[in-house]
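Okay, structure first, notes after.
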DNA sequence: GTCACACGGATCGCATACGATAACCTGTGA
DNA sequence: TCACAGGTTATCGTATGCGATCCGTGTGAC
C-alpha cells in the first residue's frame, strides 16, 4: 500500500499540474489536513519534496505556495529540453524496437489527423507521447527522470502563459517523420542528436518569432 | 535564523558529500534525533528533500540510506554534464566580465602548476572552480542549479569509483585556454557550445579508454 | 536436514497536542 | 497621517503514543 505521504504528493502534484492549484495558490497545511483527514506530517513531507522539484515555494514561518514562472521560463525550458532530448533520443536509438517505431509513426499519423480536425489539445498531447515513447528507451534513468520533470514544467508554464505558433505544427509533423527515418536507418548518434535538438529549437524559434510579431515579450 | 530543517539538510548533505556517510550508509531517524537533539520531523523533511535530489533512497517502513551509484553512473553523468555545460557556457558568453575571464585564466595557470607539482586533488578542485566561474554567469537559474547538483554527483561518484586518465590533464588545460580564447573573442554561441561540450566528452573518452585498457568495466 | 511459518525487535508511519516563533493585519492614539 | 501595540494566523518544532511493516531468527513439522 502506498504511504500517506505518497498519496499527498500525488494529490498535490496532480492538482498543480492540472491547474486546480494555479501559480501562487497558497497551500495551507492545516487546511489540507482538515479537508482530507490526513494529519500535517505527510503534507509537510510531500511539500518538501515538491519544493525540491521546483513546484512549490516554501517560505519559513509563512507557508507554501505554488511556484510562479515568469514568461521567459518557457523559452529557457525549451532551450534546455532541446539538449536533453537530443541526447536521450540519440541514446535511445539502439534500444528502440520495431514496435516502438511503429507506435511513434502511428502517433505522428494521429497528429496529422488532429491537425486536420483543428484539435490543438490532442495535438499537444500526442506530441508529448511521441517524444516520451522514444526517450523512455534511453539507457539512463536519471536522464529520463530529468526529461519527465522538464516536460511537466513545460506543460505547466504553457497553461499560465499561452504559447503558440501558427503553421509550426505542420513542419513539426514532417520533422517527426524525418527523425523516425533516421532512427530506423540507425543513423550515427551525432546526426540523430542534432536532428532531435534542432527539432525542438525550431519550435522554440517559431514561437519566439510569433510572440515578437505580436509584440508579446517572451524572454 | 535558519530553520532546523535547513540545519539537518546541510548537515546530512555535507556528510554525504564529504564521505562521512558513504554509499549505502543507513540514516536512522531516531538515532539522528538523539545524537543532535533535534526531533524527528526536521530529519524526515530534510530526508525527503535529499531523496528528491537523488542523494538518499527511502524505502517505506525500512528506512533511508545514502544512494549508491553503479560504475556506469560516472560516465552517464559526464555525458549529461557535457550537454548542460555546453549550453551554459555558450549562454554565459555574453555575461562574462573581463574580471571573470581573468579569474578563469588565473585558475588555469594554477592548474598547470598543480600539474607540475603532481597535486591531483588541487587540480580537480581548480577544474571545478574554473567551470563554475563560467557557467554561473549563464542567465538561467534553473540550469545553474542542475549543473551544481550534477557536478556534486560527479564528485560523489568519483570518490566511490576512482576514475583517472593519465595524460589527459595536460590536454585539458590546453582546451581550457582555447575555450577562454573563444569566449574572449565573443565567438558565436554554437561554436562555444560545441567546444565546451567536446571538452567534457574528451575527458569522458580518455577515462573510458584508460579504464578499458586496464580491464575495468566502466559502463 | 530442510523448509515453512510464527514470533519479536527495529523502524517507520501517522495522529494528536501543545508551546514558540514569525509574519501579517488592524485599530488606536498622538 | 503615521507609528506602534496587540491580536490573528500560520508555520516550526517538540513530545508522545500506537499501529503497521519489514526482516532476521528460531522453532517445529516433515
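Residue numbers (this note's numbering), protein chains in the order written: chain W, 1 to 219; chain P, 1001 to 1219.
Each residue gets a CB set at the ideal place from its N, CA and C atoms; glycine is no exception.
Residues of the stretch 130 to 157 of chain W with a Cβ closer than 7 angstroms to any Cβ of chain P, in chain order: 140, 142 and 143.
For residue 1083 of chain P, the nearest CB of chain W lies under 7 angstroms from its own CB, placing it at the interface with that chain.
Interface annotation for the stretch 1026 to 1045 of chain P against chain W: 1041, 1044 and 1045, criterion Cβ-Cβ distance under 8 angstroms. Taking the Cβ atoms as the reference, residue 1213 of chain P lies roughly 27 angstroms from residue 1195 of chain P, outside the contact range of under 8 angstroms. Judged by DSSP in its simplified three-state form, residue 1158 of chain P adopts helix. Look at the stretch 1043 to 1069 of chain P: the residues with a C-beta under 9 angstroms from a C-beta of chain W are 1044, 1045, 1046, 1047, 1048, 1049, 1050, 1051, 1052, 1053, 1054, 1060 and 1061. Annotation: residue 99 of chain W to residue 125 of chain W spans about 20 angstroms, alpha carbon to alpha carbon. Note on geometry: alpha-carbon atoms of residue 1071 of chain P and residue 1158 of chain P lie some 9 angstroms from one another. Here residue 1057 of chain P carries a strand assignment [DSSP, helix/strand/coil].
Separation of the CB atoms of residue 1058 of chain P and residue 1064 of chain P is rounded to 5 angstroms, and the pair is thereby assigned contact status at 8 angstroms. Contact annotation: the stretch 1114 to 1123 of chain P does not touch the stretch 1075 to 1082 of chain P, with fewer than three C-beta pairs closer than 8 angstroms. Taking a 10 Å sphere around the C-beta of residue 1046 of chain P, we find 16 or more other C-beta atoms and assign the residue as buried. Assignment of residue 1211 of chain P by DSSP, reduced to helix, strand and coil, places it in the helix class. Fewer than three pairs of CB atoms, one per stretch, sit closer than 8 angstroms, so the stretch 19 to 39 of chain W makes no contact with the stretch 1022 to 1034 of chain P. For residue 87 of chain W, the nearest beta carbon of chain P is closer than 7 angstroms to its own beta carbon. Residue 1099 of chain P: member of the alpha helix (DSSP H) spanning 1098 to 1116, first to last residue. Beta bridge pairing from DSSP links residue 63 of chain W with W:59. Straight-line spacing of the CA atoms in residue 1147 of chain P and residue 1168 of chain P works out to 22 angstroms.
Residues 4 and 8 of the same chain have their beta carbon placed closer than 7 angstroms to that of residue 38 of chain W, with the five preceding and five following residues left out of the count.
Distances from the alpha-carbon of residue 1139 of chain P to those of P:1153, P:1170, P:1088 and P:1118 put P:1088 closest. Judged by DSSP secondary structure, residue 1123 of chain P falls within the alpha helix (DSSP H) whose first and last residues are 1120 to 1135.
By the neighbour-count criterion, in which 16 or more other beta carbons inside 10 Å mark a residue as buried, residue 1141 of chain P falls on the exposed side. Residue 104 of chain W places its beta carbon less than 7 angstroms from that of residue 133 of chain W.
Take residue 1160 of chain P, set aside five residues on each side of it, and the residues of its chain with a beta-carbon closer than 8 angstroms to its own are 1022, 1023, 1068 and 1069, in chain order.
DSSP places residue 1176 of chain P in the uninterrupted alpha helix (DSSP H) bounded by 1168 to 1184. A Cβ-Cβ separation of about 5 angstroms places residue 49 of chain W in contact with residue 1048 of chain P under the 8 angstroms criterion. At least 7 angstroms separates the beta-carbon of residue 1173 of chain P from that of residue 1106 of chain P.
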